[in-house]
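**Student:** The structure that follows is given in the form of structure tokens.
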Amino acid sequence: MAYCPLAQAGQLRRELLTHPTLLEVASGLGITPTQLLLAWA
Numbered sequence: 000m001a002y003c004p005l006a007q008a009g010q011l012r013r014e015l016l017t018h019p020t021l022l023e024v025a026s027g028l029g030i031t032p033t034q035l036l037l038a039w040a
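Counting from 0, one number per residue, gives the positions in the sequence shown under numbering that gives the first Met the number 0.
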């Protein structure tokens, strides 16, 4: 079984990448939301 740190493709993934808190933290660090999630995973 493959590991997917950004959740399964679909609704959950879209919600993760557009979550206001995630966007705020990523912006403050000068990185993309995807980079933040991968670093956190």
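We treat Cβ as the ideally placed atom computed from N, Cα and C, and that holds for glycine.
Are the Cβ atoms of residue 15 and residue 36 separated by less than 8 Å?
**Tutor:** Cβ distance < 8 Å, so residue 15 and residue 36 count as in contact.
**Student:** So, using beta-carbon positions, are residue 25 and residue 17 closer together than 8 Å?
**Tutor:** Not closer than 8 Å, so no.
**Student:** May I ask which residues mark the beginning and end of the alpha helix (DSSP H) holding residue 27?
**Tutor:** That run of the alpha helix (DSSP H) goes 19 to 28.
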